Amino acid sequence: MLKHFFLAASALSLIACSGEMDHSAMNHNKQAAAQMGGVEVSGAFIKPPFTGRTTAAGFMVLENKGADIRLVSATSPISPRVEIHTHLNEDGVMKMRRIEGIDLPKGKSVALEPGGYHLMLFDTVMPEGDVDAPLTLTYSDGTEVTMIVPFADEAPESYGSGTDHSKMGH
Ligand SMILES: [Cu+2]
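Take a look at the structure:
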């Protein structure tokens, strides 16, 4: 279904938008990011389920270059149920909690990263022979952005290229 959105390149997060797509921008060095609805997504990856398990997790950095907005949901054809989660420290124990969304303040970067915000993909069916999968993010203004996200156990090496993550909000 979304196969036609696949892009050649080696990239970390190959991005495709649900509407138009700017190939030149994608082949550019900043192809790991897409600007849709004012939110730039970079370094997205899905950590596959552990052996014998079916829960995968999605991570990325969301940089909001537009007005205040909120990530309200995510979907993927590889999972019937994708939830937005955070980690909370409860009496010294880190626990995951489902949350309704993630506020993305204007001008800020918010990281979905291990130990923090993340997407949880339940009952994941790994696409056979595939190295990536579509992931659609829905924002509070109704904007939907579909990107092609690679599977990786940890953030791709060049995750931070072009961006100094040490200066990011977390
Ligand atoms: Cu979780």
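Residue numbers for the sequence shown, in the working numbering: 7 to 176.
Positions of the beta carbon are idealized from the N, C-alpha and C atoms, including for glycine.
A quick note: this is a predicted structure, and the numbers were derived from the prediction, not measured.
Residue range 87-96 is occupied by the beta strand (DSSP E) that includes Glu89. One residue after another in chain order, those with a Cβ under 6 Å from a heavy atom of ligand 1 are His91, Met102, His124, Met126.
Thr152 and Pro140 do touch by the CB rule: their CB atoms are close to 5 Å apart, below 8 Å. The Cβ atoms of Ile90 and Leu125 lie closer than 8 Å to each other. Between the region 83-102 and the region 145-160, the count of Cβ pairs shorter than 8 Å is below three; the stretches do not touch. Considering only Pro111, Gly122, Thr144, the residue with the shortest C-alpha distance to Leu94 is Gly122.
In the three-state scheme derived from DSSP, where H, G and I count as helix and E and B as strand, Val67 is classed as strand.
Pairing Pro156 with Met66, the inter-Cα distance amounts to about 11 Å. Between Leu77 and Gly107 the beta-carbon gap is near 6 Å, inside 8 Å, which marks them as a contact. Sequence-distant partners of Val131 (beyond 5 residues in either direction) whose C-beta falls short of 6 Å from its own C-beta, in its chain, are Ile84. Counting the other CB atoms within 10 Å of its CB gives Asp136 a total below 16, which places it among the exposed residues.
Taking a 10 Å sphere around the C-beta of Phe51, we find 16 or more other C-beta atoms and assign the residue as buried.
The Cβ-Cβ distance between Arg87 and Asp129 falls below 8 Å. The beta carbons of Gly64 and Leu118 sit about 7 Å from each other, so the pair counts as a contact at 8 Å. Within a 10 Å sphere around the beta-carbon of Pro120 sit fewer than 16 other beta-carbons, which makes this residue exposed. Between the beta-carbon of Gly98 and that of Asn70 there is about 32 Å, and that puts the pair past the 8 Å contact cut. By the beta-carbon neighbour count (other beta carbons within 10 angstroms, threshold 16), Ala73 is exposed.
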